[in-house]
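Enquirer:
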Amino acid sequence: NDYVGKGLSGGRLIVYPPKQSNIVPEKSIIVGNTVLYGAISGECYFRGVAGERFAVRNSGAIAVVEGTGDHGCEYMTG
Numbered sequence: 002n003d004y005v006g007k008g009l010s011g012g013r014l015i016v017y018p019p020k021q022s023n024i025v026p027e028k029s030i031i032v033g034n035t036v037l038y039g040a041i042s043g044e045c046y047f048r049g050v051a052g053e054r055f056a057v058r059n060s061g062a063i064a065v066v067e068g069t070g071d072h073g074c075e076y077m078t079g
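Spelled out as structure tokens, the structure:
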């Protein structure tokens, strides 16, 4: 979905496909566009690829992802 973790201000997000899935995580979109928009703290772990504009305006959240679309990490501060 788009906007996963929008405005995150603490906590932990962990997203991964089910073990019985045929998805190849490092080659598949697991979270949509504009993930972590405006996040200020917290942790995110995504087993797969994010769409475009990943972590735009992030100012403190920690994120691990296996790839992003265009314009990832724009306007990050903090």
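To convert a position in the sequence shown, counted from 1, into this note's numbering, add 1.
Even for Gly, the Cβ is constructed at its ideal location relative to N, Cα and C.
#1: Excluding the 5 residues flanking residue 60 on each side, which residues of the same chain have their C-beta closer than 8 Å to its C-beta?
#2: With 16 other CB atoms within 10 Å as the buried threshold, where does residue 25 fall?
#3: Identify whether residue 27 lies in helix, strand or coil by the three-state DSSP scheme.
#4: In chain order, which continuous runs of the alpha helix (DSSP H) of length 4 or greater are located wholly inside the stretch 5-55?
#5: Between the C-alpha atoms of residue 29 and residue 17, what's the straight-line distance to the nearest angstrom?
#6: Verify whether the separation of the beta carbon atoms of residue 3 and residue 33 is less than 8 Å.
Expert: Taking the definition as stated:
#1: Stepping through the sequence shown from its first residue, residue 60 is reached at position 59. 39, 40, 41, 77, 78 and 79, listed in sequence order.
#2: Taking the first residue of the sequence shown as position 1, residue 25 is located at position 24. When all chains shown are included, residue 25 counts as exposed.
#3: Position 26 of the sequence shown, counted from the first residue, corresponds to residue 27. Here residue 27 sits in helix by DSSP.
#4: Secondary structure remark: continuous alpha helix (DSSP H) runs of at least 4 residues inside the stretch 5-55: none found.
#5: Locating residue 29 in the sequence shown gives position 28, where the first residue counts as 1. Locating residue 17 in the sequence shown gives position 16, where the first residue counts as 1. Whole-angstrom Cα-Cα distance: 11 Å.
#6: Along the sequence shown, one-based indexing puts residue 3 at 2. Along the sequence shown, one-based indexing puts residue 33 at 32. Yes, the Cβ-Cβ distance between residue 3 and residue 33 is below 8 Å.
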